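Protein chains: 2
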Amino acid sequence: MAQLDAALAKIDSNLDAALARLFALVAIPSISTDPAFAGEVDRTAEWLAADLRSLGFEAAVRPTTGHPMVVAKAGRAGAPHLLFYGHYDVQPPDPLELWESPPFEPRLVETPEGKQILGRGVSDDKGQLMTFIEACRAFQESGGLPCSVTILLEGEEETGSPSLPGFLAEHRAELKAELALACDTGMWDRRTPAISVMLRGLVLEEVVVRGAARDLHSGMFGGAAINPIHVLALIIADLHDENGRVAVPGFYEDVTELPEEIAEQWRKLPFNGRHFLEEVGLSVPAGETGRSVLEMIWSRPTCDVNGIIGGYTGKGSKTVLPAEARAKFSFRLVGAQDPEKIAASFRSFVKARLPADCEAEFVSHGASRAQQLPVASAALSKARKALREEWGKDAVLAGCGGSIPIVGAFKRDLGMDTLMVGFALDDDRIHSPNEKYELSSFHKGMRSWARILAALAAERT
Amino acid sequence: MAQLDAALAKIDSNLDAALARLFALVAIPSISTDPAFAGEVDRTAEWLAADLRSLGFEAAVRPTTGHPMVVAKAGRAGAPHLLFYGHYDVQPPDPLELWESPPFEPRLVETPEGKQILGRGVSDDKGQLMTFIEACRAFQESGGLPCSVTILLEGEEETGSPSLPGFLAEHRAELKAELALACDTGMWDRRTPAISVMLRGLVLEEVVVRGAARDLHSGMFGGAAINPIHVLALIIADLHDENGRVAVPGFYEDVTELPEEIAEQWRKLPFNGRHFLEEVGLSVPAGETGRSVLEMIWSRPTCDVNGIIGGYTGKGSKTVLPAEARAKFSFRLVGAQDPEKIAASFRSFVKARLPADCEAEFVSHGASRAQQLPVASAALSKARKALREEWGKDAVLAGCGGSIPIVGAFKRDLGMDTLMVGFALDDDRIHSPNEKYELSSFHKGMRSWARILAALAAERT
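As structure tokens, then:
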């Protein structure tokens, strides 16, 4: 504990220097989606590798067919091996005119809630990844890291991580650790930390329903010819029952109820489902009868149509009976739901509803399992204790309605669970003008990681 | 009858001259949709006015805000007054490379079925309107027209007739006749004439269903937020019952059964519903249980979705919960169905199915009543007798699944029924490359109009 106390003291006394380093990192416009900024992306990777080397990491910029990865290693051999993941690329700052100050000239501002750091990427994800690097620095300056740490920093997260799967496959032995750490998540509120322990999985299916050999005139054929839009509408209408449950056979077979400890915590959370919906102009939860809004978005599986198109969609009218109609479906999965089984059952469900003269084409746009960190896992217990000591209250064991592809990839390709801890706030305006990161998130985020590293280094249970 | 015989003899002996006039008319590229051809459209109107003057009509080219109308008058004062309608504009000939000879260099070709005239507009509608003008010429050269005839020729039919309603309103007194004649229709087959006695009406409605205030991420909100695509699909799914009947309340209230004389004729027609569907890749009639395909497309009302769009419709996937979804609906009306009543009932039907948090916006894209020429009308009896004498068999009293706006306008604005007789064939390739008109359609079409004019001029019944 003496080493942790020393590291925490270093973090407190070196806050200004850490802030200066974050400003230097944010000042490089590492916009991954715009080829004009490829040089800046490279420069950011070099900056990070140099910074990591300065604190004793063996660090290298590794080329990919896209933007490079930064891989760095340090720490005590024989100690638990942790793989930390973050990304150093950022979203474009447009629309520029809505920024109160230039997006790549970071600055500190005072607000009634405290000091905030302003700049593109300051919350997503440069500020967050620096909380971890600064915690490592504090340990290195206090006798060395208590764990074996590998840091993997990606430059393509904002463009869908095209090079990541290949990179993981190629460097499996080097990157495989006992646990992955990811920092791309948020706090429950500005005083309550959170650990994201559940991520929903995803099945993406597109269906094209085809009828006649060509578009028909609805005057000549209307009444006699099958209309694929009607067929598709009937299929969509059948997808949910009157209780809002998904009607695809077997859909709920591998769905498990929430562990009671989490269920109890969620019931006590100061979360107002009505307010959550009101923010987007809604008032009534549209999901399964008898479930809370938090369950609907975090722990229950869903089916939604994300897009539909067929026939004439321009201005005015055209009396066409279209030859085809198409829709894109997404299923959010939880628990042990098997993406392949769900996709197959959905396809059978659609086929069973095709009338004579119609056929369906199916296209998969990807699938991933739900991820869940077992409540009983030792790493989770240690991280919860560490966060309680820093924040003086329990971390929320949060769900996440979306999927974080890297977490699925770590599980699938490297057999690792991921501990997701981040200090972003819902109002950080990530991807929007005037992105900010609370100075308290930055400071207590570093302290939190220092405590987590110390806890994970302690004797294995 | 002596005068009719003289006129028929003139038609037979002057066929080559009539053909030469048709060639001259087809040679002028009166493409109404392309501003580059505006001069040619004008030239066509002038050509027609001059031709009509040459056979004794008082004829003028009347300007509109678009392309001009040709209005011509001749005939015996005190005799029944008939208004003949045709259009002299044509569709663009594209794709040009698919034409076997230049589209505006008409020519006669021999085929196993007989001689055909080739050229853009030869069937739609220049050949058809010339059958009437040539019949008038034959009478003028045989002692004069037996009726009072006004000819109205339009140059904007292929672009939706934008100037026509205003022109009819402005010249109501001049154009109002006892009966309108229109030639823009077809024969049952190459040996059987047809009179189109029923046109379905139309109600065009667009519905926008709106949910949340903005597009939502399906990971963050999926399960809790209402999806307007689902709502729209449920509405569409409810529109038809299990027997294929439209479920909008009151929809069938003003639908009348087919007059028995027509029903009996249709039952005997050599029409193969299965073959009709097979031509477009279908095999099973999709309409009301217990109705024949001819009824479905000619005499029964329908509801179809002509277009639908919502959410993400590009390549791949995007996990969006859209804020809105929209669909375009068309109702084909028959009998005495009231477009306003149907539209109002449809809107109530949609509103009754909107869940909390959704609202609907409605846009009308037009409405028209069904048109029906009473089977018992004297004009219809006379035309049927005239066609029987020319063709040696009964004319089919046909329905038409689509709507012909001019017929509705004549009824609504001038209080006239329209007798629709034309000699086009289904395989005339109108709007397509290598458009043709049978020489027999042209020749016997002129003779048919001569007989109809004589019949309509006879003592009123």
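Sequence lines, in order, name chains A and B. Per our numbering, residue 1 is the first one in the first sequence, and the count goes up by one each step. Per our numbering, residue 462 is the first one in the second sequence, and the count goes up by one each step. We put the CB at the ideal spot given by N, CA and C, even for glycine. Every value quoted in this text rests on a predicted model; they were computed, and no experiment measured them.
Taking C-alpha positions only, Gly-604(B) is separated from Leu-483(B) by approximately 24 Å. CA-CA distance, Trp-188(A) to Met-296(A), rounds to 17 Å. Per DSSP, Lys-779(B) is not a residue of any beta strand (DSSP E), being assigned neither H nor E. Within its own chain, the residues whose Cβ lies closer than 6 Å to the Cβ of Gln-128(A), once the five positions on either side in sequence are excluded, are Cys-183 and Gly-422, listed in chain order. Take the alpha-carbon of Leu-614(B) and the one of Gln-833(B): they are about 23 Å apart. The Cβ atoms of Ser-299(A) and Leu-258(A) lie closer than 9 Å to each other. Assignment of Met-881(B) by DSSP, reduced to helix, strand and coil, places it in the strand class. Annotation: Gln-3(A) to Phe-139(A) spans about 7 Å, alpha carbon to alpha carbon.
In this structure, DSSP gives Ala-59(A) an extended state, which the three-state scheme calls strand. The residue from Arg-845(B), Ile-865(B), Leu-640(B) and Gly-906(B) with its alpha-carbon nearest to that of Glu-619(B) is Ile-865(B).
At least one CB of chain A lies nearer than 9 Å to the CB of Gly-680(B). Secondary structure note for Glu-820(B): its beta strand (DSSP E) is the uninterrupted segment 820–829. C-alpha of Asp-428(A) to C-alpha of Ile-28(A): approximately 20 Å in a straight line. Of all residues in the region 815–829 of chain B, the ones placed with a Cβ closer than 8 Å to any Cβ belonging to chain A are Pro-816, Ala-817, Asp-818, His-826 and Gly-827, in chain order.
Per DSSP, reduced to three states, the secondary structure at Gln-371(A) is strand. In the three-state DSSP reduction, Thr-717(B) falls in the coil class, being neither helix nor strand. Against Pro-285(A), the close residues of chain B are Ala-685, in the order they occur along the chain (beta-carbon pairs closer than 8 Å).
For the pair Ala-533(B) and Ala-499(B), the CB atoms are not nearer than the 9 Å cut-off.
From the beta-carbon of Met-296(A), the residues of chain B found nearer than 7 Å are Gly-684 and Ala-685.
Per DSSP, Arg-890(B) is not a residue of any beta strand (DSSP E), being assigned neither H nor E.
Shown here for Ile-11(A): same chain residues with a beta carbon closer than 6 Å to its own, the five before and five after excluded, namely Ala-138, Met-446 and Arg-447 in chain order. Counting along the chain, Lys-444(A) sits inside the alpha helix (DSSP H) bounded by residues 439–457. Less than 9 Å separates the beta-carbon of Asp-254(A) from that of Gly-335(A).
For Ala-840(B), the closest C-alpha among the options Glu-703(B), Ala-497(B) and Pro-541(B) is that of Pro-541(B). Taking Arg-347(A) as the centre and dropping the five residues before and after it, the same chain places the C-beta of Phe-362 closer than 7 Å to its C-beta, in chain order. Comparing alpha-carbon positions, the option among Leu-569(B), Tyr-898(B) and Pro-835(B) lying closest to Leu-880(B) turns out to be Pro-835(B). At least one CB of chain B lies nearer than 9 Å to the CB of Pro-322(A). As a beta-bridge residue in DSSP terms, Lys-436(A) pairs with Leu-118(A). Judged by DSSP secondary structure, Phe-139(A) falls within the alpha helix (DSSP H) whose first and last residues are 127–140. Taken through DSSP and simplified to helix, strand or coil, Gly-500(B) comes out as helix. Looking at the DSSP output, Phe-790(B) shares a beta bridge with Glu-666(B) and Val-766(B).
Among the CB atoms of chain A, none fall inside 9 Å of the CB of Leu-886(B).
Under a criterion of Cβ atoms nearer than 8 Å, the residues of chain A adjacent to Ala-786(B) are, in order, Ile-308. By the neighbour-count definition (other C-beta atoms within 10 Å, threshold 16), Asp-555(B) is an exposed residue. Straight-line spacing of the CA atoms in Ala-424(A) and Phe-442(A) works out to 9 Å. If you draw a straight line from the Cα of Val-203(A) to the Cα of Ala-247(A), it comes to about 16 Å.
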